[in-house]
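Residue numbers (the numbering used here), protein chains in the order written: chain H, 1 to 318; chain C, 319 to 636.
In what follows, a structure is listed as structure tokens, so that the remarks can point back to it.
Protein chains: 2
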Amino acid sequence: MTSKKSKILILGFGTVGQGFFDLFSRKRDMLGLNNVTISEIVDMKFGHIVDPKPDILKEIANGKTFPQKDVISAIKESDADIVCEFTWLNLKTAEPAYSHVKTALELGKHVITTNKGPSALKFKELTELANKRGVKFLMKGTVMAGTPSFNLLDLLPGAEVKSVRGIMNGTTNYILTSMEQGKDFSVALKEAQELGYAEADPTNDVDGFDAASKITIISHILGWKHEFSDVKIEGIRKVTPEQAKEKTKLIAYSDKSTIYVKPSRLPKEDILSGVSGVMNAIEIETDTMGKIYAMGPGAGKIQTAQAALTDLMKIVKG
Amino acid sequence: MTSKKSKILILGFGTVGQGFFDLFSRKRDMLGLNNVTISEIVDMKFGHIVDPKPDILKEIANGKTFPQKDVISAIKESDADIVCEFTWLNLKTAEPAYSHVKTALELGKHVITTNKGPSALKFKELTELANKRGVKFLMKGTVMAGTPSFNLLDLLPGAEVKSVRGIMNGTTNYILTSMEQGKDFSVALKEAQELGYAEADPTNDVDGFDAASKITIISHILGWKHEFSDVKIEGIRKVTPEQAKEKTKLIAYSDKSTIYVKPSRLPKEDILSGVSGVMNAIEIETDTMGKIYAMGPGAGKIQTAQAALTDLMKIVKG
Numbered sequence: 001m002t003s004k005k006s007k008i009l010i011l012g013f014g015t016v017g018q019g020f021f022d023l024f025s026r027k028r029d030m031l032g033l034n035n036v037t038i039s040e041i042v043d044m045k046f047g048h049i050v051d052p053k054p055d056i057l058k059e060i061a062n063g064k065t066f067p068q069k070d071v072i073s074a075i076k077e078s079d080a081d082i083v084c085e086f087t088w089l090n091l092k093t094a095e096p097a098y099s100h101v102k103t104a105l106e107l108g109k110h111v112i113t114t115n116k117g118p119s120a121l122k123f124k125e126l127t128e129l130a131n132k133r134g135v136k137f138l139m140k141g142t143v144m145a146g147t148p149s150f151n152l153l154d155l156l157p158g159a160e161v162k163s164v165r166g167i168m169n170g171t172t173n174y175i176l177t178s179m180e181q182g183k184d185f186s187v188a189l190k191e192a193q194e195l196g197y198a199e200a201d202p203t204n205d206v207d208g209f210d211a212a213s214k215i216t217i218i219s220h221i222l223g224w225k226h227e228f229s230d231v232k233i234e235g236i237r238k239v240t241p242e243q244a245k246e247k248t249k250l251i252a253y254s255d256k257s258t259i260y261v262k263p264s265r266l267p268k269e270d271i272l273s274g275v276s277g278v279m280n281a282i283e284i285e286t287d288t289m290g291k292i293y294a295m296g297p298g299a300g301k302i303q304t305a306q307a308a309l310t311d312l313m314k315i316v317k318g
Numbered sequence: 319m320t321s322k323k324s325k326i327l328i329l330g331f332g333t334v335g336q337g338f339f340d341l342f343s344r345k346r347d348m349l350g351l352n353n354v355t356i357s358e359i360v361d362m363k364f365g366h367i368v369d370p371k372p373d374i375l376k377e378i379a380n381g382k383t384f385p386q387k388d389v390i391s392a393i394k395e396s397d398a399d400i401v402c403e404f405t406w407l408n409l410k411t412a413e414p415a416y417s418h419v420k421t422a423l424e425l426g427k428h429v430i431t432t433n434k435g436p437s438a439l440k441f442k443e444l445t446e447l448a449n450k451r452g453v454k455f456l457m458k459g460t461v462m463a464g465t466p467s468f469n470l471l472d473l474l475p476g477a478e479v480k481s482v483r484g485i486m487n488g489t490t491n492y493i494l495t496s497m498e499q500g501k502d503f504s505v506a507l508k509e510a511q512e513l514g515y516a517e518a519d520p521t522n523d524v525d526g527f528d529a530a531s532k533i534t535i536i537s538h539i540l541g542w543k544h545e546f547s548d549v550k551i552e553g554i555r556k557v558t559p560e561q562a563k564e565k566t567k568l569i570a571y572s573d574k575s576t577i578y579v580k581p582s583r584l585p586k587e588d589i590l591s592g593v594s595g596v597m598n599a600i601e602i603e604t605d606t607m608g609k610i611y612a613m614g615p616g617a618g619k620i621q622t623a624q625a626a627l628t629d630l631m632k633i634v635k636g
């Protein structure tokens, strides 16, 4: 049980926002969060929801909307001390999420985000701002949803990271796994789109930008100097079914001096070669442990909400 | 930097104890542990070492010994607030480690152990004692050394565990991997013994007792009711090279109602089927994440010391 009262403002009430509301409500008692409330929600479609009732998910599913409100004004006028940024991804300018996060941090509010835009493109500026204001800027959900990834290092105090390597994009791994049966890239992509694993415009995934944003975020967290624009990116459009059959995976890699995303043929002994479908995986090499691995879902409504809940507990429990 | 001064008493100065002394000394500054010291060491062979100098590892390597001291007396007379139990394993009585841990906890000292004896056989009694005295009884190193295992749940607050499954014994996995090339069990065992992966008396490993002790510890940590004596145990002596080739692995499993260790044939799609050699792996199924996995070394001097250091940070940082 925490004694300090906390209020949460949610920005963006799509899949992740609704998943977080649902998960928070179900786990609140168990986690001793009786002094923590979701006090406000702002969403382009649903409007500005103050003191949402427990059945808000039903209400909006039934078409209920609330008064429109400008997001920046909502952040400025809110007495919430924690802001959850769950709006849409923009890997060119990071907007509008960047302005949301910056405004919240400037006002001394903690920020939890699952948005790779501000995390990958504006990490240093926003982290420095958070440190200056004495608040946290947390983003577990940007890399492998709730599946342990860079936060494995919380379990290895003192360990120094030599390199990080992983399969961090489920869409491309699904397509490559599907191509192992002899399908061409274009056929496998179309199937992935029909199943909802790939978007209508699949660029972010298949051209490697999504994986690149994730390895950039990890690199920032480790204190390395790489920026998103430094990542050498090669997507999977040119991978052949033969190469897929030989366990060619879209590998994101970084060490202190190198950072890239590229399709790489993995030897059979490499445990990452067995990672199939939408599953994500990370390998972290440290001085004390050698290589350790974590694997699991890299997306999903409740899986991403778990990441935000993990970040919330870091803030609330100090 | 921690402000509270802490003193550590190490019981048992073999591989793990020496590894911990070495790792602690190297990582102390980085972890802000300037107020934490290893103030005493007691070992059957090297004696009672008070205020060990930084070059103690060299001194004992050169044959230096110290006055003999009864371990229980050393615990009782010590002003250390943290006791590290690194003595030998006994899966029948848990002694002498059980008496060491009990004595330390009764005196209100935190206990870190890598010893599966007291952790598997006396978990409830010792945990209740620790709770009563307001101290911690931590044992990360008993399951997969420093590789994240049950402590993955520290990264998933609110998640409820449905089941745990894993390859938790490196010796048997090494033997089974070696048998995939057509070697009989007895040949593979002999090679593992020559390489130092298996002991002269291989019972604890090949008959499944080591894996059983680990799944029991996990089950205890999850609050399930299984005792070590409840585990249905089947070892690998009867596995044939053909079965090994078909990815038969020694699987430890538990859910709320079942607990067992047995050789199990894994389908190719099962990511655990690709875990080879001495590598360990765990699968945890929760309500929020579905199945997640961690893999890495399950033994080793520094790898086990990392586990004890992880536990130490839990105590020191609260």
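The beta-carbon is built from N, C-alpha and C at its ideal position, and this holds for glycine as well.
- Counting the other CB atoms within 10 Å of its CB gives residue 73 (chain H) a total below 16, which places it among the exposed residues.
- Residue 309 (chain H) is positioned such that its CB atom lies closer than 8 Å to that of residue 476 (chain C).
- Measuring C-alpha to C-alpha distances from residue 99 (chain H) to each of H:81, H:121 and H:79 identifies H:121 as the nearest.
- Under the DSSP assignment, residue 606 (chain C) falls outside any alpha helix (DSSP H); it carries neither an H nor an E label.
- Annotation note: the region 493 to 575 of chain C contains the following uninterrupted alpha helix (DSSP H) runs of length 4 or greater, listed N- to C-terminal: 503 to 512, 521 to 524, 527 to 539 and 559 to 563.
- DSSP places residue 40 (chain H) inside the beta strand (DSSP E), whose first and last residues are 36 to 43.
- Sequence-distant Cβ neighbours of residue 531 (chain C) in its own chain, meaning closer than 7 Å and more than five residues away, are 409, 434, 438 and 546.
- Residue 516 (chain C) places its beta carbon 8 Å or farther from that of residue 558 (chain C).
- Taking the C-beta atoms as reference points, residue 161 (chain H) is found no nearer than 8 Å to residue 288 (chain H).
- The CB of residue 594 (chain C) comes closer than 9 Å to the CB of 269 and 271 in chain H, given here in chain order.
- One alpha carbon belongs to residue 619 (chain C), the other to residue 300 (chain H), and they sit about 39 Å apart.
- If the five residues before and after residue 629 (chain C) are omitted, its C-beta is found closer than 6 Å to the C-beta atoms of 430, 456 and 458, all from its own chain and listed in chain order.
- The shortest CA-to-CA distance from residue 10 (chain H) to any of H:86, H:22 and H:293 is the one to H:86.
- In this structure, residue 284 (chain H) and residue 155 (chain H) do not form a Cβ contact; the two beta carbons are roughly 11 Å apart against a cut-off of 8 Å.
- Three or more pairs of CB atoms, one per stretch, sit closer than 8 Å, so the region 7 to 21 of chain H contacts the region 39 to 49 of chain H.
- At a cut-off of 8 Å between beta-carbon atoms, residue 159 (chain H) makes contact with chain C.
- Every unbroken stretch of the alpha helix (DSSP H) spanning 4 or more residues and falling wholly within the region 389 to 472 of chain C is given here in chain order: 389 to 395, 415 to 424, 434 to 439 and 441 to 451.
- In this structure, residue 396 (chain C) keeps its C-beta atom at 8 Å or more from the C-beta atom of residue 634 (chain C).
- In the structure shown, the three-state DSSP call for residue 156 (chain H) is coil.
- Secondary structure at residue 264 (chain H): strand, using DSSP grouped into helix, strand and coil.
- Close partners of residue 306 (chain H) in chain C (Cβ separation under 9 Å): 474, 475, 476, 477, 604, 606 and 607.
- At a cut-off of 8 Å between C-beta atoms, residue 146 (chain H) counts as an interface residue with respect to chain C.
- Rounded to the nearest whole angstrom, the C-alpha separation of residue 83 (chain H) and residue 110 (chain H) is 6 Å.
- Within the region 610 to 621 of chain C, 610, 611, 612, 613, 614, 615, 618, 620 and 621 place their CB atoms closer than 9 Å to a CB of chain H, listed in sequence order.
- In chain order, 158 make up the part of chain H whose C-beta sits under 8 Å from the C-beta of residue 348 (chain C).
- Within the region 163 to 185 of chain H, contact with chain C at the beta-carbon level (separation under 7 Å) is assigned to no residue.
- DSSP, reduced to helix, strand and coil, places residue 50 (chain H) within a strand of the structure shown.
- Rounded to whole angstroms, the Cβ separation of residue 34 (chain H) and residue 28 (chain H) is 7 Å, and the two are in contact under 8 Å.
- Per the coordinates, the alpha-carbon of residue 462 (chain C) lies some 14 Å from the alpha-carbon of residue 294 (chain H).
- In the three-state reduction of the DSSP assignment, residue 349 (chain C) falls in the coil class.
- Ranked by Cα distance from residue 491 (chain C), the options C:624, C:625, C:343 and C:590 are led by C:590.
- When only Cα atoms are considered, residue 625 (chain C) and residue 326 (chain C) end up about 16 Å apart.
- Look at residue 487 (chain C) here: in three-state DSSP terms it is coil, with no helix or strand label.
- Counting along the chain, residue 375 (chain C) sits inside the alpha helix (DSSP H) bounded by residues 374 to 379.
- Judged by DSSP in its simplified three-state form, residue 594 (chain C) adopts coil rather than helix or strand.
- Assigned with DSSP and collapsed to three states, residue 7 (chain H) falls in strand.
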